[in-house]
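To start, the structure under review is shown below, and the notes come after it.
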Amino acid sequence: MSKQAPRPLDGITVVSLEHAIAAPFCTRQLADMGARVIKIERPGSGDFARGYDERVRGLSSHFVWTNRSKESLTLDLKREEAGGIMDRLLESADVLVQNLAPGAAARLGLSFDALHEKHPRLIVCDISGYGEGGPYQDKKAYDLLIQSESGFLSVTGTKDDPVKAGCSIADIAAGMYAYSAILNALLLRQKTGLGSRLDVSMLESMVEWMGFPMYYAFDGGSPPARAGAAHASIYPYGPFPVGGGSTIMLGLQNEREWRVFCAQVLRQADLAEDPRFLSNSLRTANRDDLRALIVAAFADLSIEQVTQRLEDAQIANARVNDMAGVWAHPQLQARARWSKVDSPAGELPALLPPASSNAFAPRMAGVPAVGQNTDAVLASLGYAPDQVAQFHASEVV
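For the sequence shown, the UniProt record's numbering begins at 1 and goes up steadily by one.
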């Protein structure tokens with residue numbers, strides 16, 4: 001694989017009116033694959049996600065994660081002169097992505113309907129909380145709110161308390177559906193010659209991911225019980241303490257594995273015939289009794305000993321890593337999955353995109369400072385230096 005090999009999206013230009021996570025995560029995937037992504041930011045402050053925290057040598061953890069390999073153009077879209085700059089940008093753009101407040105892009109004249117006649121090949125991707133139409137169209141939406149609306153919180157957590165996901169799962173879902181939808185639209189344009197409009201809803205993205213608990217509760221059935229880090233309907237499948245204060249994650253899937261687990265891991269072969277545990281449904285119903293037996297069997301064993309027994313029995317297992325454990329994960333190290341990218345805070349580690357290819361290397365370019373590429377982008381659009389200087393003087397950029 002050569003770093004000079006062509007990437008799938010080389011030559012594709014994306015203009016993004018983006019903030020927070022969903023749209024930036026989508027466009028970062030496009031940038032990874034070679035697209036030129038021009039990120040429009042507010043003059044001065046930029047994307048408000050830049051201010052979420054200062055955990056990465058003074059930079060925001062969310063922003064570093066979702067904004068590498070992009071160009072930052074500051075532009076005050078409320079100023080009249082900004083319209084002309086946007087027109088020039090869109091003349092050569094393939095995709096416009098936006099996740100502004102509901103209706104904001106349309107008010108700026110940047111809806112698909114307003115742009116399609118002038119830019120018939122332009123793909124417009126609108127990412128919002130609830131999608132266009134319906135009573136929730138104009139309702140504000142953030143990741144945690146969508147986790148709640150989609151029912152995710154109702155099945156996640158403990159018996160007493162619902163718990164949100166520890167990462168921005170609703171934003172990630174919407175960002176990935178937007179990314180795949182844009183790839184589909186680019187393929188469709190090769191057949192029709194025309195751009196299309198994509199309407200991506202965070203709610204619908206999360207509801208799609210809720211398919212198992214929804215069908216489990218189909219036709220008025222009871223939903224999966226909140227079971228902490230354990231599986232709601234398969235047991236034993238979840239975390240168990242071992243000697244020394246460590247935790248092992250087990251994953252048993254079938255009756256064959258259950259019998260092997262009893263004989264080779266617990267070393268209590270007769271337990272497989274206990275009438276309380278003869279099927280997965282019974283083990284789930286009697287999980288408290290079974291948990292006590294497993295915890296007792298593991299109490300005098302180290303995590304290394306338990307892991308070795310599980311590996312010898314070919315029972316799926318995992319360590320419960322913290323973030324330091326993930327940074328140092330031996331599998332990621334062995335597969336050379338870490339790269340480095342530049343940033344305003346210096347060089348930073350960055351995970352290579354999943355689904356690696358033997359045909360090309362993904363782009364792993366820097367995280368931009370606010371407006372870092374403003375002058376270069378304007379020059380590429382044909383603006384003379386004195387015009388650029390005037391834009392700065394009038395605070396258009």
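The beta carbon of each residue, even a glycine, is placed where N, CA and C say it ideally should be.
Since this is a predicted model, take the numbers as computed values, not measurements.
Buried or exposed for residue i, please, with buried defined as at least 16 other CB atoms from any protein chain shown within 10 angstroms of its CB.
i	result
N321	exposed
N215	Reading the sequence as shown, one finds Tyr at residue 215 and not Asn. By the neighbour-count rule (16 or more Cβ atoms within 10 Å), Y215 is not buried but exposed.
T74	buried
Q372	buried
N358	exposed
P368	buried
L187	exposed
R28	buried
K70	buried
W327	exposed
From this set, the options, which residue's C-alpha is nearest residue i's C-alpha?
i	options	result
G245	L301, E91, G193	L301
R226	Y177, V265, P162, L187	P162
P135	P102, G51, T307, R50	P102
Y26	V95, M86, R79	Per the sequence shown, residue 26 should be read as Cys rather than Tyr. The option with the nearest alpha carbon to C26 is V95.
L198	P275, A178, W209	A178
V388	R28, S233, G84	G84
D76	E54, G58, P43	P43
N67	S394, R363, E80	R363
G228	G221, G133, T156, K191	T156
residue 398	K78, M323, N254, E54	The question about residue 398 has no answer, for the chain in this structure spans 1 to 397.
W258	D386, M210, L351, I315	I315
R335	E117, V64, P353, L30	P353
Determine the contact status of residue i and residue j, defining contact as a CB-CB distance below 7 Å.
i	j	result
A318	M249	yes
residue 426	G251	In the structure as shown, the chain starts at 1 and stops at 397, and residue 426 therefore has no counterpart that could be examined.
S150	L203	yes
P8	M33	yes
A49	H62	yes
V370	E41	yes
I146	A185	no
residue 415	S45	The requested residue 415 is not part of the displayed model; the chain covers only 1 to 397.
A313	V265	yes
R88	L381	yes
M206	A230	no
P224	S233	yes
A345	R107	no
CB-CB under 8 Å to residue i, same chain, minus the five flanking residues each way: which ones, in chain order?
i	result
H119	L90, E91, A93, G195
A105	L17, Q98, S111, D126
L153	Q147, P162, V163, K164
V260	A313, Q314, I315
What residues in its chain sit with their C-beta under 6 Å from that of residue i, if we drop five residues either side in the sequence?
i	result
F391	V397
A22	N99, I127, D171, A174, G175
D47	H19, E41
T374	L73, T74, V397
G166	none
S201	Y130, G131
R36	T13
T247	P239, P241, V320
Ignore the nearest five residues each way along the sequence and tell me which others in residue i's own chain have a CB closer than 7 Å to its CB.
i	result
L282	R276
D289	R276
>> Please give the ranges of any alpha helix (DSSP H) in the region 266 to 332, keeping only runs that are unbroken, at least 4 residues long and fully inside the region.
In response: Runs of the alpha helix (DSSP H) inside the region 266 to 332: 280 to 285, 287 to 298, 303 to 312, 323 to 327.
> Considering only residues of the region 115 to 202, which uninterrupted alpha helix (DSSP H) runs meet the minimum length of 4 residues and lie entirely inside it, listed in chain order?
Replying inline: 143 to 149, 169 to 192
> In chain order, which continuous runs of the alpha helix (DSSP H) of length 4 or greater are located wholly inside the region 341 to 367?
Replying inline: none
> In the region 9 to 61, which residue ranges form an unbroken beta strand (DSSP E) of at least 3 residues, counting only runs that do not cross its ends?
Replying inline: 13 to 17, 36 to 41
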